[in-house]
Every structure is written in C-alpha cells, then in structure tokens.
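K.L.:
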Amino acid sequence: MVHFVTVMRVFAALVLSLGVAATAPRLAARQQAEPGKPAADQRLTRIAADVFAGGHGRLDADIAELKTILAENPRSAQAHALLGVAYRAKGSPDLLGEAAGELRQAIDLDPSLIPARLYLAHLYLDLGRAERAREELQAALTRMPAQSQLLALLAETERQLGKPDTALDLALQALKSDPASVEARYYQGLALYDLKRRDEAIQVFEQVLQAGGRRPEVYDSLGTAYLDAGRLDEAIATLTDGVKLDVSRPEPMIALARAYRLQGQLTRADAALAHVRTLVGATAVSQADQRVQRDLYLEDGLLRLKQARLDAAARSLRKVVDLDPNYGPGYRYLAETYIRQGLYARAGDQATRAEKLGAPLPEDLQKTLQDKLRASRPKGQE
Amino acid sequence: MIAAGRLAPICLAALTLAVDQRATATAPASARFADVTAAAGIHFVQRSGASPDKRMVETFGSGVAWIDYDNDGFPDLYFVNGAPGSSNALYHNNRDGTFTDVTAKAGVAAAAGGDRTFKTGAAVGDYDNDGYLDLFLTALGPSVLYRNNHDGTFTDVTEKAGVAGAAARWSTSAGFFDYDRDGRLDLFVASYVDYRFDSNPYCGLKKDGYRMYCDPKIFDGTADRLYHNDGGGTFTDVSQRAGIANPAGKGLGVTFCDVDRDGWTDIYVANDTVRNFLYRNKHDGTFEDVTYAAGVGFDSNGKPRAGMGVDCADLDGNGLPDLFVTNFSEELNALFMNRGDGTFDDKASMPGLRSAYPALGFGTKLFDADNDGDLDIYVTNGHVIDNVALYQPNLSYAQKDLLYENTGAGVFRDVTAQSGPALQALRVGRGLAVADFDNDGKLDVVITSVDRPAVLLRNQGGAGNNWLAIQAKGRRSNAFGLGARVTVETSEGSQVREINNVASYLSANDVRLHLGLGRAAAAKRIEIVWPGGARQVLDNVKANQMLVIEEEVR
Chain A
16 MVHFVTVMRV FAALVLSLGV AATAPRLAAR QQAEPGKPAA DQRLTRIAAD
66 VFAGGHGRLD ADIAELKTIL AENPRSAQAH ALLGVAYRAK GSPDLLGEAA
116 GELRQAIDLD PSLIPARLYL AHLYLDLGRA ERAREELQAA LTRMPAQSQL
166 LALLAETERQ LGKPDTALDL ALQALKSDPA SVEARYYQGL ALYDLKRRDE
216 AIQVFEQVLQ AGGRRPEVYD SLGTAYLDAG RLDEAIATLT DGVKLDVSRP
266 EPMIALARAY RLQGQLTRAD AALAHVRTLV GATAVSQADQ RVQRDLYLED
316 GLLRLKQARL DAAARSLRKV VDLDPNYGPG YRYLAETYIR QGLYARAGDQ
366 ATRAEKLGAP LPEDLQKTLQ DKLRASRPKG QE
Chain B
13 MIAAGRLAPI CLAALTLAVD QRATATAPAS ARFADVTAAA GIHFVQRSGA
63 SPDKRMVETF GSGVAWIDYD NDGFPDLYFV NGAPGSSNAL YHNNRDGTFT
113 DVTAKAGVAA AAGGDRTFKT GAAVGDYDND GYLDLFLTAL GPSVLYRNNH
163 DGTFTDVTEK AGVAGAAARW STSAGFFDYD RDGRLDLFVA SYVDYRFDSN
213 PYCGLKKDGY RMYCDPKIFD GTADRLYHND GGGTFTDVSQ RAGIANPAGK
263 GLGVTFCDVD RDGWTDIYVA NDTVRNFLYR NKHDGTFEDV TYAAGVGFDS
313 NGKPRAGMGV DCADLDGNGL PDLFVTNFSE ELNALFMNRG DGTFDDKASM
363 PGLRSAYPAL GFGTKLFDAD NDGDLDIYVT NGHVIDNVAL YQPNLSYAQK
413 DLLYENTGAG VFRDVTAQSG PALQALRVGR GLAVADFDND GKLDVVITSV
463 DRPAVLLRNQ GGAGNNWLAI QAKGRRSNAF GLGARVTVET SEGSQVREIN
513 NVASYLSAND VRLHLGLGRA AAAKRIEIVW PGGARQVLDN VKANQMLVIE
563 EEVR
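Residue numbers (our numbering), protein chains in the order written: chain A, 16 to 397; chain B, 13 to 566.
1. Does DSSP classify B/F492 as helix, strand or coil?
2. Residue range of the beta strand (DSSP E) that B/F247 falls in?
3. Distance cutoff 7 Å, beta carbons only. Does B/D353 sit that close to anything in chain A?
4. Taking Cβ-Cβ distances below 9 Å as the criterion, which residues of the stretch 378-409 of chain B are in contact with chain A?
5. Going by alpha carbons, who is nearest to B/I540 out of B/K229, B/I511 and B/G85?
6. Keeping to the same chain, check which residues put their C-beta closer than 6 Å to that of B/F86; ignore five residues upstream and five downstream.
7. At a CB-CB cut-off below 7 Å, which residues of chain A make contact with B/Y207?
8. In its own chain, which residues sit with a C-beta less than 6 Å from the C-beta of A/D235, not counting the 5 before and 5 after it?
9. Pull up the distance between the alpha-carbon of A/E397 and that of A/R389, whole angstroms please.
10. Drop a sphere of 10 angstroms on the beta-carbon of A/Q162, count the other beta-carbons inside from all chains shown, and report buried for 16 or more, exposed for fewer.
11. Please confirm whether any heavy atom of the ligand FMN lies closer than 6 Å to the CB of A/Q280.
12. Can you list, in chain order, the stretches of the alpha helix (DSSP H) that have 4 or more residues and sit fully within the stretch 250-284 of chain A?
13. Here's a check: name, in chain order, each residue in its chain whose Cβ is nearer than 8 Å to the Cβ of B/K172, leaving out the five neighbours to either side.
14. Assuming the contact rule is C-beta atoms closer than 8 Å, A/L207 and A/R276 should be a hit. Round their C-beta distance to whole Å, please.
15. Do A/A145 and A/Q188 have their C-beta atoms within less than 7 Å of each other?
16. Against chain B, which members of the stretch 339-368 of chain A pass a CB distance test of less than 9 Å?
17. Straight-line CA distance for B/N212 to B/G137?
18. Please identify the residue among A/L59, A/Q280, A/L110 and A/L124 whose C-alpha is closest to the C-alpha of B/K287.
19. Name the chain B residues that come within less than 9 Å of A/I78, Cβ to Cβ?
20. Just to confirm, is the Cβ distance from B/G309 to A/G116 under 7 Å?
21. With DSSP as the reference, label B/D358 as helix, strand or coil.
22. Considering just the uninterrupted stretch of the alpha helix (DSSP H) at B/G432, what are its terminal residues?
23. Determine the direct distance from the alpha carbon of A/Q93 to that of A/A37, and round the result to whole angstroms.
24. Mind pulling the chain B residues with CB within less than 7 Å of A/E113?
25. Of all Cβ atoms in chain A, is any one closer than 7 Å to the Cβ of B/G263?
26. Exposed or buried, which one is B/V266 when buried takes at least 16 other CB atoms within 10 Å?
27. Strictly under 7 Å for the Cβ-Cβ distance: is A/A48 near chain B by that measure?
28. Which two residues bound the contiguous beta strand (DSSP E) that contains B/K117?
29. I'd like the ranges of any alpha helix (DSSP H) spanning at least 4 consecutive residues and lying wholly in the stretch 321-354 of chain A.
30. Say whether chain B places a C-beta atom closer than 7 Å to the C-beta of A/D304.
31. Nearest CA to the CA of B/A496: which residue from B/G73, B/Q436, B/V440 and B/C269?
32. To which residues does DSSP link B/F414 through a beta bridge?
33. What is the residue span of the beta strand (DSSP E) that B/V205 lies within?
34. Does the stretch 215-222 of chain B touch the stretch 183-191 of chain B, meaning 3 or more C-beta pairs lie closer than 8 Å?
35. By DSSP, does B/K554 sit in helix, in strand, or in coil?
36. State the start and end residues of the unbroken alpha helix (DSSP H) segment that holds A/F220.
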C-alpha cells in the first residue's frame with residue numbers, strides 16, 4: 016500500500032504513452048469544435064502530472080476538469096482512469112467505490128490500459144480484497160510480463176494473502192527487472208519481516224530510506240521493526256519522522272506510544288494516545304477500524320497498568336476483548352490487571368482464556384495467581 | 013395544493029419558499045390512504061431468508077407488480093418473494109375490492125431455482141404483442157420470463173427467449189421498453205454487485221449480534237443488460253453493442269423516459285454508492301452515457317449516493333421529465349429538475365423534502381395522489397442493516413413511508429403525518445407499485461416489506477378533483493403503448509406525461525396512464541405521440557372515465 020512519487024510518475028508516463036496517443040485523433044477532432052480551449056489530450060497530460068504528483072491541493076479542480084472532459088467524451092478511458100486515481104488520492108472512504116468503478120470502466124473501454132489495472136489493484140488492497148488485486152495484477156502481467164511495478168505489487172499482494180515466501184520471490188524478480196525500484200525493495204522488506212527475518216528486514220528498510228523512499232509507510236515499518244528489536248531510541252526517532260509526514264494515521268502513533276511507554280516516557284505516551292483518539296471514530300465497522308481500535312485500547316490499558324491506574328487499565332482491556340474476543344493478549348493483560356487488583360477469580364478466568372488463545376501469563380504471574388487462588392479456597396478443598 | 017400550485021413563474025424563487033413554508037404549517041393534505049390489505053384478502057408475507065451469515069441479498073427485499081393479466085380492466089397483483097424455495101404470489105382482482113390467490117392455477121410461483129436463487133424483482137410488458145401482459149422476474153440467480161397464455165395461466169419461456177442471464181448474476185429492477193421503435197418491447201435488466209455466497213465477508217463488530225450486512229463498496233459492480241426483442245419470442249443480448257454494459261454499475265433501480273424530448277426513450281439507472289447512469293438514446297440502437305454532461309450522477313458535492321428506487325416524470329410542469337432517486341439514510345433523496353438544455357439541477361435540499369434525511373428510501377413513485385393536476389412523491393423506507401440501532405441509536409430498521417405533496421411548480425411539502433394512519437406505520441419498505449386497483453379514479457399503493465406482510469393502501473383522498481385514465485392500444489407500436497407521450501390540455505393548464513410502468517424499486521406499476529385534472533370537467537385536447545412517431549389528437553374529452561385510445565394506422 017505504498018505509493019511512491021516515482022512510481023506515480025512512471026505510471027503517469029505509462030497512462031499517457033499507452034492511452035492518449037490512441038485517442039488523439041478523436042480528441043483532436045473534438046478540439047476543433049471548441050477553438051481556444053486546450054485539446055483534451057493536453058488537459059489530460061496536465062491533470063496526470065498533477066494527480067500523480069499528489070494533487071498539491073488541486074485535486075478538486077482536477078476532478079472537476081476530468082468530469083468536464085468526460086461530459087465531452089464519455090468514452091475516454093484515460094479520463095476515467097485518472098478520475099479513479101484522483102478519487103483515491105482524495106482519501107475519502109465515500110469515494111473508494113467510485114474510484115474502483117472509474118478504473119474498471121477505464122479497463123473495460125481500453126483493456127490495454129495496464130496502469131489502470133495497477134491502480135485498481137492498489138485500490139483492492141485498500142479495500143482488503145487481496146484476491147481481486149491478484150487477479151488484476153496477473154491479468155496485467157500477461158500483457159506486460161516482468162514489469163517491475165506489477166511484480167512488486169503482486170509481491171505485496173501475496174504477502175497480504177499470507178504467502179511471504181512467494182512475496183519475497185516476486186519482490187526479488189521485480190528488483191531483477193528494475194534494481195532501482197524502491198517500491199520492490201520495500202515490499203521485499205515487508206516479506207522478510209513476515210518471514211521472521213527481522214534484522215534483514217531492518218537493513219532493507221534502511222536501504223529504502225537511503226534510496227529516497229521517504230514515505231510514511233516505510234518509516235512506520237522500520238520504526239515498528241526497531242521497536243520489536245528493542246532499539247527504542249531508533250524506533251522513536253523513526254516513528255516520529257513518519258508521523259511528521261502524515262499525522263492522520265493512527266497506527267504509527269500507537270506504535271510511538273508503545274515505544275515511549277517502554278522507554279518510561281509515560282507523559283509522551285499519553286499524549287500520543289490522546290492524538291490517536293482524535294483520529295479514531297467512535298464506531299468501528301471495517302475490520303481495519305476494529306484492529307486499530309483494539310490496538311488503541313490495548314496500548315491504553317498497558318499504559319494505565321504501568322501508571323498503576325488499575326481501574327482504567329481494566330476498562331480499556333475489557334474493551335480489547337470486547338472488540339476482538341479471539342485476541343489472546345487482551346485476556347493476558349486483563350488477567351494481570353485483575354491480579355494486581357486482587358480479583359483472583361476473575362484473573363483466573365481471563366488467564367485460562369489467554370492460555371487457550373496462545374498468550375499465557377508469564378510463569379511468575381501464573382505462580383502468583385495459583386498461590387492466591389489456593390489461599391482463597393476454603394480449607395479442605397485444596 | 014392546486015390553489016397554491018400552477019402559479020406563474022414570476023419571482024419563483026421567493027414564491028417557492030413562501031409557498032412551501034406556509035403550506036407546511038397550515039394546509040391539510042388532500043391525499044389520504046387506508047390500509048385495506050386484510051379486507052382485500054391479501055396475505056402475502058415476504059420471506060427474506062435471513063440468516064446469521066448476513067448474506068447481503070437477504071436485506072434487499074423483493075418487488076411487487078400490477079399486472080392486469082386477464083384484461084378485465086382491473087389490475088391484478090403479483091408479489092415476488094425472496095428466500096430460495098419461497099413462493100411468489102399472484103392475486104386476481106375480484107373487481108369488488110377483494111383479491112383471490114391464483115398462484116397455483118397461474119403457474120407463476122417461481123419456487124424452483126435451487127437453494128441459492130433469491131428472487132428479487134418483477135417487470136411487466138407484452139413482449140409478444142398479443143395483447144396480454146407477460147411477466148419477467150429477476151433474481152440473484154437466473155431470471156425467468158413467463159408468457160401469458162390468455163387463459164389465466166403462464167408458461168416459462170425463459171430458455172427460448174434467451175433472457176435468463178448468468179446463473180450467479182444479481183439482477184434487480186427490470187423493465188420493458190421499445191428503445192429502437194420497431195414496435196417490439198425490449199428488455200433492460202439492472203444488475204447489482206458481484207456477490208458470491210462462498211466468499212461472504214464478515215462485516216461489522218465481531219460481537220454477538222453485531223454482524224451487519226456489508227457495504228456494497230467492497231464488492232465490484234456488474235454490467236446491466238439490454239436484450240433486443242428479435243420477434244418470434246427471442247431476444248439478443250446487445251448490452252455491449254448498445255453501450256450500456258458499464259461494469260462499474262451497481263444498479264438497483266431503473267426507469268425510462270424521453271429526457272430530451274427527441275422521441276426516443278432514454279434510460280436512467282440508480283446505482284448504489286457509485287454514480288447513477290443516464291443513457292441518451294442515439295437513435296441507432298446505441299446509447300451514450302451523458303451522466304457527466306447532464307449532472308445527474310452525484311450529489312451537489314460531487315459524491316455518489318446510494319441510489320435505490322427511481323422515477324422520471326414532469327414535476328414542475330415545464331413539460332420535461334425530471335428525475336427522482338431514493339437514497340441512503342443521512343443522504344437526501346435526489347431530485348434532478350430538467351432544464352431542457354441537456355442539464356439538470358439537483359433540488360434535493362429543497363426545504364420540503366429534507367424530512368427524508370434520516371430515512372433510507374427504496375420504492376418510490378411520482379403520481380398525482382390528490383388528482384390536482386401535478387405529481388406528488390411517495391417513498392417507502394426501511395434501513396438495510398437490521399441491527400442499525402446498535403451502531404447508530406438515532407436510526408431504526410423499520411421506518412415510516414413519506415408522502416410529499418406537490419404544492420405547485422415542483423415545490424413539495426411533507427404531508428405524511430396528515431395522510432392517514434396507514435402512513436404512520438413502520439415497515440422495512442422495499443418494493444412499491446401504484447395502480448387504481450378499484451377503478452375509483454384514485455391511485456392506490458402496494459408496498460412490500462422485508463419479512464413482513466405486504467400492504468395495500470387504498471387512496472381515499474382527492475375529493476372533488478377530476479381525473480382521466482388512458483389505456484393505450486398500439487397497433488404499429490407496442491400493444492400497450494409503452495413510451496407514448498401524452499399531452500393533456502384542460503382549463504387549468506397542460507400536462508405532459510409518458511406511458512411508462514417502469515419505475516420504483518424491483519417493481520412494476522400499472523400500464524395505464526392516470527392523470528388528475530383538478531377542477532377541470534374535461535380535457536380540451538389530448539395529444540398522444542406513439543412510440544412509432546404517429547400523432548393522434550382527441551378533443552373535448554369528458555373527465556372521470558377510463559379512455560381506451562387505439563393507435564390509428566393510416
């Protein structure tokens with residue numbers, strides 16, 4: 016789900032080379048009817064450059080212009096494709112369906128418009144539909160075998176489908192095709208991380224940043240890997256850089272809060288979580304929303320536990336298991352909280368569930384709990 | 013409403029607001045509906061097949077159709093059921109306000125189809141021009157075409173006709189119309205999302221009772237279909253060639269009208285969460301998607317809405333058809349007023365229509381509920397998420413219908429509260445269809461509701477106003493004159509209408525054209541332009557009669 020500016024520029028060039036040339040005569044003919052107005056292909060070229068460079072605040076104007084072009088020529092595959100890309104760049108969930116629709120219409124009008132398939136695959140990954148992303152990418156690869164961007168995104172798709180081995184192989188194929196592809200390298204790092212080859216993944220992420228892939232997602236991945244490796248100073252520095260690039264995403268802020276907590280900077284951890292709460296809605300509907308809320312409450316519970324605010328910790332951790340009844344760590348930390356509150360029977364229930372879900376209490380806490388439960392039983396029942 | 017209506021367009025903007033506010037505050041509604049379902053002997057209960065798996069199709073309900081299958085002049089009723097194996101129902105109109113279930117005799121239960129066929133909608137038209145109305149049924153699964161045998165029975169001719177569609181296709185609203193003016197009715201079938209039972213995602217919170225039906229955004233759209241009637245009882249799928257096979261579509265509603273008054277019928281499709289489609293007929297068997305040019309795809313902020321039901325008719329008396337689309341809760345229903353230059357104005361935020369904001373609209377019809385000479389708006393509502401209150405306590409699954417009275421020149425006020433107890437009931441409204449079932453000169457409404465009894469609402473209002481009903485009999489044109497344009501001039505002004513039974517959601521309305529004439533005792537002039545292009549004029553026609561107009565062939 017990373018979208019590098021370089022990728023977008025290449026894509027823009029592809030859109031123009033594959034699409035506009037083919038329709039130039041028709042567009043030129045239309046232009047003759049409206050003297051003084053730039054030809055549609057010129058307008059599309061300008062909009063493509065704009066949209067693929069991130070819009071820079073002109074997305075609404077670009078979308079309006081694309082609609083005007085489509086009013087003149089409803090069968091312009093390029094305009095439909097660019098409109099889909101522009102909608103996605105807006106970032107509004109309300110427009111995701113429309114973005115997919117425009118890209119699909121573009122492909123229907125011009126099946127050779129490979130960039131539209133690439134972007135549609137990105138969109139399917141946004142929507143959590145990796146299987147459909149795979150279908151689009153495989154269809155595109157039949158027309159453009161060994162194309163590095165397609166291979167790279169297919170690598171990421173396979174990783175999201177739980178096949179990190181395949182993902183790593185595809186990322187390496189993409190790099191063979193284009194050794195300078197930061198996108199492929201980033202996906203290689205993600206595959207390595209999923210394969211539990213964390214230190215190699217860290218090296219790859221660092222290379223991506225050095226190669227110019229300074230995207231929030233890369234900072235997030237590297238920061239999280241540092242956190243996992245216990246390299247807290249580097250984690251905080253890297254996650255902070257990522258958050259500065261995009262303050263609207265809750266996941267890296269939660270990771271940053273965790274790093275602060277583990278380093279003992281509880282006030283900063285609190286502030287980070289307070290910011291996350293402004294980003295997360297009250298209602299979690301999608302699975303991605305639920306995961307974010309679960310992680311937020313877990314981190315909040317662990318912070319309160321660290322602050323010895325046990326009632327608040329229990330409240331947050333109960334929300335964790337409420338949101339995701341199959342998430343073992345929620346029960347495990349709730350059990351720990353109850354132990355510290357002296358609520359041993361409740362702690363015992365939670366510990367049992369945690370163990371069933373593969374997240375048992377550490378041995379010392381288990382022993383403490385057993386001792387307390389034994390002591391609380393009436394004599395003769397031991 | 014006639015008193016305030018028909019006002020000349022002087023200072024219209026100021027006048028519009030004044031009329032609307034005054035009307036809302038004081039004027040009584042003149043349409044009034046009574047629930048006569050039980051008295052009419054109708055016992056149909058829709059079965060959705062609801063399951064803990066929250067299969068999306070369960071919540072979209074099924075439709076209803078008025079079809080005078082025995083040509084006795086009294087519209088009969090056909091209900092589509094939902095769940096696999098459930099029976100549809102045909103009720104014969106006994107001409108005395110009651111109905112008799114004749115499903116078994118007629119052979120239209122459509123209960124077969126396997127455990128994965130969910131029936132959805134119905135369309136009515138005389139595809140073989142034998143003077144008897146036939147029936148087309150849509151489904152998540154193969155569609156069915158029943159040919160009318162003229163003896164109260166029907167024969168399944170789907171295979172011969174070639175209109176079943178793909179086995180896993182989710183077809184929704186459909187309708188017959190003659191897009192190429194060859195005198196034979198063609199068939200348009202709207203298609204919703206690419207939904208597969210074996211990959212039914214979990215949506216909503218992972219807590220007991222919180223699973224919800226999924227957002228259509230996560231599914232791909234599917235292309236609508238257009239079948240050309242080749243004659244001889246067969247059709248050819250011309251969707252691609254005709255230019256209406258946009259794979260982005262998530263069609264739920266469809267209607268037909270001649271939006272540019274060029275004599276050729278155009279198509280408007282209401283899509284869910286993606287832009288609506290307006291297809292302009294290019295007179296050569298193809299259509300052009302003019303949605304962007306016309307400005308009828310999005311809301312005023314450029315966002316697609318959740319289009320459900322749809323209708324097309326002249327609401328402001330300028331002689332041009334306007335477009336109305338029902339939408340999701342916390343969206344406004346769309347009202348696109350035709351400017352006459354190929355573009356439309358969205359008047360969704362008109363004060364009198366804002367009460368629809370919390371409602372989730374499905375079936376709808378623009379008709380003259382009080383016979384005052386202008387078209388009113390009826391909408392049936394019901395949320396798609398049965399447990400929506402768990403997520404948004406301000407919303408409910410079952411909802412009230414809405415009736416908007418046209419106070420003149422396309423300005424509306426909500427008269428639901430004044431229109432009788434039947435409109436205060438809560439339902440999970442889906443299909444809706446309109447006909448004057450008892451031929452008393454007032455249009456009545458039938459509504460289907462998810463997992464609830466259907467309701468027949470008899471119109472008891474409009475006292476003192478006059479009316480005309482027209483049954484067209486085509487000879488060169490299709491047998492019921494679908495697509496004909498009718499202009500009626502009275503002492504109170506003129507009305508331009510089209511004979512069109514395709515509107516609402518999953519449903520079919522009466523094929524007869526009904527016009528309210530207000531206080532006018534007669535129509536000074538009636539002009540009918542047949543789909544084939546021939547014009548016919550009748551002078552000085554008395555009000556309050558059912559007029560049969562046969563196409564003259566010179």
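Where is the CB? At the ideal position from N, CA and C, for every residue including glycine.
P.N.:
Reading it off the structure:
1. Here residue 492 of chain B corresponds to residue number 480 of the second sequence, with the count starting at 1. In this structure, B/F492 counts as coil in the three-state DSSP scheme.
2. In the second sequence, the residue the question calls residue 247 of chain B occupies position 235. From DSSP, the beta strand (DSSP E) with B/F247 extends over T246 to D249.
3. Within the second sequence, residue 353 of chain B is the residue found at index 341, counting from 1. Closer than 7 Å: no.
4. Y403 and Q404
5. Here residue 540 of chain B refers to the residue found at position 528 of the second sequence. Here the closest residue by C-alpha is B/I511.
6. Numbered from its first residue, the second sequence carries residue 86 of chain B at position 74. So the list reads N105 and R107, once near-sequence residues are dropped.
7. For the purposes of this step, residue 207 of chain B is taken as residue 195 along the second sequence, with counting starting at 1. By Cβ distance, chain A contributes nothing, its closest Cβ being about 13 Å from B/Y207, past 7 Å.
8. On the first sequence, position 220 is the one that residue 235 of chain A refers to. Contacts found: G257 and P267.
9. Within the first sequence, the letter at position 382 stands for residue 397 of chain A. Within the first sequence, the letter at position 374 stands for residue 389 of chain A. Residue confidence for A/E397 is low, a pLDDT of 48 falling below 50, so the modelled location carries little weight and cannot support an answer.
10. Locating residue 162 of chain A in the first sequence gives position 147, where the first residue counts as 1. With 16 or more Cβ atoms within 10 Å of its Cβ, A/Q162 is classed as buried.
11. The ligand content of the structure shown is nil, which means the ligand FMN is not present either.
12. 265-278
13. As a position in the second sequence, residue 172 of chain B is number 160, starting the count at 1. G245 and T246.
14. Taking the first residue of the first sequence as 1, we reach residue 207 of chain A at position 192. Taking the first residue of the first sequence as 1, we reach residue 276 of chain A at position 261. Actually they are not in contact, since the Cβ atoms of A/L207 and A/R276 sit about 27 Å apart, beyond 8 Å.
15. In the first sequence, the residue the question calls residue 145 of chain A occupies position 130. In the first sequence, the residue the question calls residue 188 of chain A occupies position 173. Taking 7 Å as the Cβ cut-off, A/A145 and A/Q188 do not qualify as a contacting pair.
16. D339, P340 and N341
17. Reading the second sequence from its first residue, position 200 is the one you call residue 212 of chain B. Reading the second sequence from its first residue, position 125 is the one you call residue 137 of chain B. One C-alpha to the other measures close to 35 Å.
18. As a position in the second sequence, residue 287 of chain B is number 275, starting the count at 1. Rather than Lys, the amino acid found at residue 287 of chain B in this sequence is Arg. Minimum Cα distance to B/R287 is reached at A/L110.
19. The count along the first sequence starts at 1 and reaches residue 78 of chain A at position 63. Those within 9 Å of A/I78 in chain B are G314.
20. Start at 1 with the first residue of the second sequence, and residue 309 of chain B comes out as number 297. Start at 1 with the first residue of the first sequence, and residue 116 of chain A comes out as number 101. Result no, Cβ atoms of B/G309 and A/G116 do not sit closer than 7 Å.
21. Position 346 of the second sequence, counting from 1, holds the residue named residue 358 of chain B. It is a strand residue.
22. Your numbering for residue 432 of chain B matches position 420 in the second sequence. Taken as a continuous stretch (DSSP letters only), B/G432 belongs to no alpha helix (DSSP H), as it is neither H nor E.
23. As a working note, residue 37 of chain A is residue 22 in the first sequence. As a working note, residue 93 of chain A is residue 78 in the first sequence. Because A/A37 sits at a pLDDT of 36, beneath the cut-off of 50, its placement in the model cannot be relied upon, and the point is left open.
24. Here residue 113 of chain A is taken as the residue at index 98 of the first sequence, counted from 1. Simply V286, R287 and P316.
25. Locating residue 263 of chain B in the second sequence gives position 251, where the first residue counts as 1. Chain A, which has no Cβ nearer than 7 Å to the Cβ of B/G263, makes this no.
26. Residue numbering aside, residue 266 of chain B sits at position 254 when the second sequence is read from its first letter. B/V266 should be labelled buried.
27. For this step, residue 48 of chain A is matched to residue 33 along the first sequence. Bear in mind that a pLDDT of 43 at A/A48, under 50, signals an unreliable position, so the number given afterwards is only what the model happens to contain. Chain B contact via Cβ: absent.
28. Residue mapping note: residue 117 of chain B aligns to position 105 of the second sequence, counting from 1. Here B/K117 belongs to no beta strand (DSSP E); instead the alpha helix (DSSP H) covers T115 to A118.
29. 325-338
30. Position 289 of the first sequence, counted from the start, is the residue given in the question as residue 304 of chain A. Closer than 7 Å: no.
31. Here residue 496 of chain B corresponds to residue number 484 of the second sequence, with the count starting at 1. The option with the nearest alpha carbon to B/A496 is B/C269.
32. Sequence index remark: in the second sequence, residue 414 of chain B carries index 402 (1-based). According to the sequence as given, residue 414 of chain B is Leu; it is not Phe. Paired residue(s): B/V391.
33. As a first step, residue 205 of chain B is located in the second sequence; it is residue number 193 there, counting from the start. No beta strand (DSSP E) contains B/V205, which DSSP labels as neither H nor E.
34. no
35. For the purposes of this step, residue 554 of chain B is taken as the residue at position 542 of the second sequence. Strand.
36. Within the first sequence, numbered from 1, the residue matching residue 220 of chain A stands at position 205. From DSSP, the alpha helix (DSSP H) with A/F220 extends over R213 to Q225.
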